[in-house]
Amino acid sequence: LCQETPARDLRSSLNAPMDFTFFVRVTEDGRLIWEGDLKSERSDFNFRLPLSEACAAMVESGNMGDCPGDAMDSYLERLQFTVVAIRDKDQAMIPLGLCDYHGSISFTNNSRLHSYSFEDDNILFSTDRLEFRVNLCLQVTFGGVGTTPSMEGLVLHLDWQSKLDEGRAGGLAILEPVFLLTFLAGFHYSLINEALRTIDGWHDFFVRDDYGIPLRETFGYIFLGLSQEAADIQAATFREALERRRAARNHLQ
C-alpha cells in the first residue's frame, strides 16, 4: 500500500528566504526594460533583491541619466515592478503584484542613499480580520553631479491592516513574512487550517498598544500557535524569577 508522508509541524515546515527565487520584471511606460530571476542577498528573515543587472539595463535605456531630486521622482513614476515569488523545491508561484511608484519613504543618515516606495493597491491575501499587501522599497545611491544614480536593491515588505480597525496597520516582522509566503506557496494540507488560524491570530497582538512586543521581541521570534496572553504570562514569570534572584542576592549582602 502507498503510504503518505506524515505532515510535520508548522515550525519545521517553515521555508527560509533562500528557499525562494523571485522573478522580477521592470517596465518603463509599459515597455520592458529588464526581467530575470533574483535570490535574496540575506539568509535571515528578510528579502533584499540585488538590482545591478536591472540598473545597467535602465542606464542603457537612456532615460535614467543624471536624476537628482525631483528628476528622479519623475523617472520613477514611469516605472513598474512585477514580482513573483517561486519556491524552488516545487516551483509553487506566488504573484506578489504589479507595483507602482508611491513616493520617497525615508532618508537615512547616509545622504547618498535614498529609499523609494512601490506598492500594489490590491490585496495580496486576507483572513477574517487581516489584510496583507506588498510594499517594495527601492534603494538608490546618488553620486556626485553628472553621475548616474545606482539602484542598489529592492527590499520586499509585507504590510498588514486590521479589517476591524482601519487605523491599525503596520509591517510584518521577524518570522511573519516568510511564514506568510510559506502559507501562500502551500503547507502540507494537514497543516493548512492551523496555519490559517495562526495568521489570523496575529491580529490579537498587532492591535495592542505595544504591537505585541512581548511576543515579537522579548522572545525574538513568533511562537507559532502561542497566544499573546501565554507570551505575557511567560514574560511575567521570567521577570518574577529575576526579581527573586535579585532579592536573594540582596539578602545575602
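Numbering-wise (our numbering), the sequence shown opens with residue 1431 and increments by one.
We treat Cβ as the ideally placed atom computed from N, Cα and C, and that holds for glycine.
Proximal residues to residue i (C-beta, below 6 Å), its chain only, five neighbours per side dropped
i, result
"residue 1654", "Here the model assigns residue 1654 a pLDDT of 46, short of 50, so the residue's position is not dependable, and the following value carries that caveat. Excluding positions up to five away in sequence, the list reads 1440, 1441 and 1628."
"residue 1560", "1590 and 1633"
"residue 1512", "1455 and 1528"
"residue 1484", "1456 and 1464"
"residue 1467", "1451 and 1453"
Close beta carbons around residue i, own chain, < 8 Å, minus the five adjacent residues each side
i, result
"residue 1443", "1437, 1612, 1617, 1618 and 1621"
"residue 1449", "1517, 1518 and 1519"
"residue 1570", "1502, 1543, 1544, 1545, 1546, 1579, 1580, 1581 and 1582"
"residue 1566", "1511, 1513, 1529, 1547, 1548, 1549, 1584, 1585, 1586 and 1587"
"residue 1626", "1557 and 1613"
"residue 1434", "With a pLDDT of 49 at residue 1434, under the threshold of 50, the modelled position of this residue cannot be trusted; read the value that follows with caution. So the list is empty, once near-sequence residues are dropped."
"residue 1535", "1545, 1546, 1547 and 1567"
"residue 1673", "none"
Residue range of the unbroken alpha helix (DSSP H) whose run includes residue i
i, result
"residue 1604", "Run containing residue 1604: none; DSSP gives neither H nor E here."
"residue 1451", "Unbroken run through residue 1451 is the beta strand (DSSP E), 1450 to 1458; no alpha helix (DSSP H)."
"residue 1633", "1633 to 1636"
Residues near residue i in its chain [Cβ-Cβ closer than 7 Å; skip 5 each side]
i, result
"residue 1508", "1458 and 1459"
"residue 1608", "1444, 1445, 1446, 1447 and 1475"
"residue 1637", "1592, 1595 and 1598"
"residue 1630", "1557, 1558, 1559 and 1560"
Residue environment, residue i, which counts as buried when at least 16 other CB atoms sit within 10 Å
i, result
"residue 1650", "Note that residue 1650 scores 39 on pLDDT, short of 50, meaning its location in the model is unreliable; the coordinates nonetheless yield the value given after this. With fewer than 16 Cβ atoms within 10 Å of its Cβ, residue 1650 is classed as exposed."
"residue 1553", "exposed"
"residue 1563", "buried"
"residue 1470", "buried"
"residue 1501", "exposed"
"residue 1597", "exposed"
"residue 1378", "The question about residue 1378 has no answer here: the residues shown for the chain are numbered 1431 through 1683."
"residue 1533", "exposed"
"residue 1526", "buried"
"residue 1462", "exposed"
Anticipated Cβ contact below 8 Å, residue i with residue j, distance rounded
i, j, result
"residue 1530", "residue 1555", "Contact doesn't hold; Cβ gap of about 20 Å is too wide."
"residue 1583", "residue 1479", "6 Å"
"residue 1522", "residue 1615", "4 Å"
"residue 1586", "residue 1477", "4 Å"
Identified DSSP bridge partners for residue i
i, result
"residue 1533", "1547"
"residue 1517", "1450"
"residue 1686", "Past the edges of the chain, shown from 1431 to 1683, lies residue 1686, and the structure says nothing about it."
"residue 1581", "1570"
"residue 1555", "1562"
"residue 1586", "1566"
"residue 1478", "1585"
Host beta strand (DSSP E) of residue i (start-end)
i, result
"residue 1571", "1560 to 1571"
"residue 1440", "Not the beta strand (DSSP E): residue 1440 falls in the alpha helix (DSSP H), residues 1440 to 1443."
"residue 1593", "That residue, residue 1593, is in no beta strand (DSSP E); it is neither H nor E in DSSP."
"residue 1508", "No beta strand (DSSP E) contains residue 1508, which DSSP labels as neither H nor E."
"residue 1466", "1461 to 1469"
"residue 1542", "Note, residue 1542: premise wrong, no beta strand (DSSP E); not H, not E."
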